Amino acid sequence: MAIFAIGDIQGCHSDLARLLDRINFDPAEDRVWFAGDIVNRGPASLEALRFVRKLGKQAITVLGNHDMHLLAIAHQDQPNLKSKDTLAEILSAPDAGELLDWLRHRPFLHHDPELGYAMVHAGLPPQWNMQQAEAQARELEQVMQGEHYRDFLAVMYGNEPDYWDPSLSGMDRHRFQINCFTRMRFVDAHGRLDLKTKCAPGEQADGLYPWYAAPGRATADHHILFGHWSTAGQAKGLNYSRYNVYPLDTGCVWGGKLTAFRLDEDGGWASIDCSGQLTPGEA
1 MAIFAIGDIQ GCHSDLARLL DRINFDPAED RVWFAGDIVN RGPASLEALR FVRKLGKQAI
61 TVLGNHDMHL LAIAHQDQPN LKSKDTLAEI LSAPDAGELL DWLRHRPFLH HDPELGYAMV
121 HAGLPPQWNM QQAEAQAREL EQVMQGEHYR DFLAVMYGNE PDYWDPSLSG MDRHRFQINC
181 FTRMRFVDAH GRLDLKTKCA PGEQADGLYP WYAAPGRATA DHHILFGHWS TAGQAKGLNY
241 SRYNVYPLDT GCVWGGKLTA FRLDEDGGWA SIDCSGQLTP GEA
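If you read the sequence shown in the UniProt record's numbering, its first letter stands for residue 1, the second for the next number, and so on.
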């Protein structure tokens with residue numbers, strides 16, 4: 001049995017199929033972790049979502065910002081699709097209800113101490129150790145899997161609060177949690193989120209740090225897989241091993257690559273070139 005982690009698919013189902021062929025993935029024996037953003041921007045979001053769901057227990061999928069966007073618009077009285085969204089086919093599918101219910105029951109963080117890896121879509125704030133991060137993820141999952149999840153989906157967007165305080169409560173607490181798990185890239189020296197800066201690591205303004213390089217990060221000793229940040233995954237010459245992190249999003253939907261990392265051996269990367277559905281700057 002082999003165990004792989006794969007970066008953001010974003011509706012590029014045919015590219016995923018080619019990558020799974022490339023790594024000789026056996027759906028009866030092997031397991032795969034997906035770093036979120038199964039859907040959106042690519043041409044086959046419905047097919048990608050159906051495929052990942054059909055893998056059942058062989059797949060672990062954490063929720064990404066595009067997955068949350070799908071859930072949010074699906075529960076609007078009049079779905080407000082953005083110009084680059086490729087989600088209409090899901091919303092009108094006969095199995096839409098089953099797919100959306102399955103999606104909202106996915107975790108925000110997966111941690112396997114035996115394998116020695118954790119996976120999140122975007123990042124973790126420096127204040128949380130792994131035990132705290134898991135607790136925050138479970139708390140947010142209870143919201144998403146509970147009867148009042150629509151209330152949260154209606155107010156989840158926003159950049160505030162941007163700093164962790166254990167006394168945060170209600171929707172403010174949950175908004176901070178979801179911004180960490182699905183949106184964050186940079187923080188300042190005090191661990192305050194900067195959700196507006198989206199450049200590649202090393203191109204940020206002075207005083208900002210990639211979340212994994214934040215001073216005093218409490219999860220520095222853990223091996224963390226993450227997606228979301230295609231310019232991090234495509235960056236050349238950056239030594240991520242010093243931070244114990246593994247960027248999996250290599251920009252498939254932008255014409256980059258789709259990448260898999262093997263977890264059950266000493267590690268090993270495999271990628272396939274993607275045709276891309278967007279050009280840089282189309283968000």
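Think of the CB as a built atom: it goes at the ideal place given N, C-alpha and C, for glycine as much as any other residue. Quick caveat, the model's predicted, so the values are computed rather than measured.
Subject >> Beta-carbon proximity list for Cys252, same chain, < 6 angstroms, skipping 5 on both sides >> reply: Cys12, Asp15, Leu258 and Cys274
Original post:
Since Met184 sits in a beta bridge, which residues does DSSP pair it with?
Top reply: Looking at the DSSP assignment, Met184 forms no beta bridge with any residue, so it has no partner.
Original post:
Apart from the five residues on each side of it in sequence, which residues of its chain come closer than 7 angstroms, Cβ to Cβ, to Gly216?
Top reply: Pro126
**OP:** Indicate the three-state DSSP secondary structure (helix, strand or coil) for Asp273 in the structure shown.
**Re:** strand
Subject >> Outcome for His228 when other beta-carbon atoms lying within 10 angstroms are tallied against a minimum of 16 >> reply: buried
Original post:
Using CA coordinates, which residue listed in Ala260, Leu99 and Phe186 is at the minimum distance from Thr250?
Top reply: Ala260
Subject >> Terminal residues of the alpha helix (DSSP H) in which Trp102 lies >> reply: Ala96 to Arg104
Subject >> As assigned by DSSP and simplified to three states, the class of His69 >> reply: helix
Original post:
Can the beta-carbon of Ser45 be found less than 8 angstroms from the beta-carbon of Leu87?
Top reply: yes
Subject >> Contact between the segment 145-161 and the segment 110-130 (3+ Cβ pairs under 8 angstroms) >> reply: no
Original post:
Is it the case that the Cβ atoms of Gly191 and Trp164 are separated by a distance below 8 angstroms?
Top reply: yes
Original post:
From Trp33 to Pro43, what does the alpha carbon distance come to, in whole angstroms?
Top reply: 22 angstroms
Original post:
Name the DSSP beta bridge partners of His31, please?
Top reply: For the sequence presented, residue 31 should be read as Arg rather than His. DSSP output for Arg31 lists Ile3 as bridge partner(s).
Subject >> Segment contact, 8 angstroms Cβ cut-off, at least three pairs: the segment 199-209 with the segment 221-235 >> reply: yes
**OP:** Could you confirm whether any beta carbon from chain E is found closer than 8 angstroms to the beta carbon of Gly11?
**Re:** Among the chains in the structure shown there is no chain E, since it carries only a single protein chain.
Original post:
What does a CB cutoff of less than 8 angstroms around Val155 pick up in its chain, not counting 5 residues either side in sequence?
Top reply: Met171 and Arg175
**OP:** Compare the Cα-Cα distances from Ile272 to each of Phe226, Asn129 and Gly256 and report the closest residue.
**Re:** Gly256
Original post:
Taking C-alpha atoms, which residue in Thr219, Asn244, Leu225 and Met184 lies nearest to Pro161?
Top reply: Met184
Subject >> Contact check, Ala220 vs Asn239, beta carbons under 8 angstroms >> reply: no
**OP:** Would you identify the three-state DSSP class for residue 284, choosing helix, strand or coil?
**Re:** Not covered by the structure: residue 284. The range shown for the chain is 1 to 283.
Subject >> Buried or exposed by the 16-neighbour rule on C-beta atoms within 10 Å, applied to Asp266 >> reply: exposed
Subject >> Among Asn40, Gln136 and Ile9, the one whose alpha carbon lies nearest that of Ser83 >> reply: Asn40
Original post:
Cβ atoms of Thr61 and Ile38: under 8 angstroms apart, would you say?
Top reply: yes
**OP:** Please name the residue in Gly276, Ala137, Ser167 and Tyr157 whose C-alpha comes closest to that of Leu70.
**Re:** Tyr157
**OP:** Could you round the C-beta distance between Arg53 and Trp102 to whole angstroms and report it? I think they count as a contact, below 8 angstroms.
**Re:** 5 angstroms
Subject >> Contact set for Ile3: own chain, Cβ-Cβ below 8 angstroms, skip 5 residues either direction >> reply: Asp30, Arg31, Val32, Trp33, Leu115, Arg262, Leu263 and Asp264
Original post:
In the DSSP assignment, what residue or residues form a beta bridge with Thr61?
Top reply: Phe34
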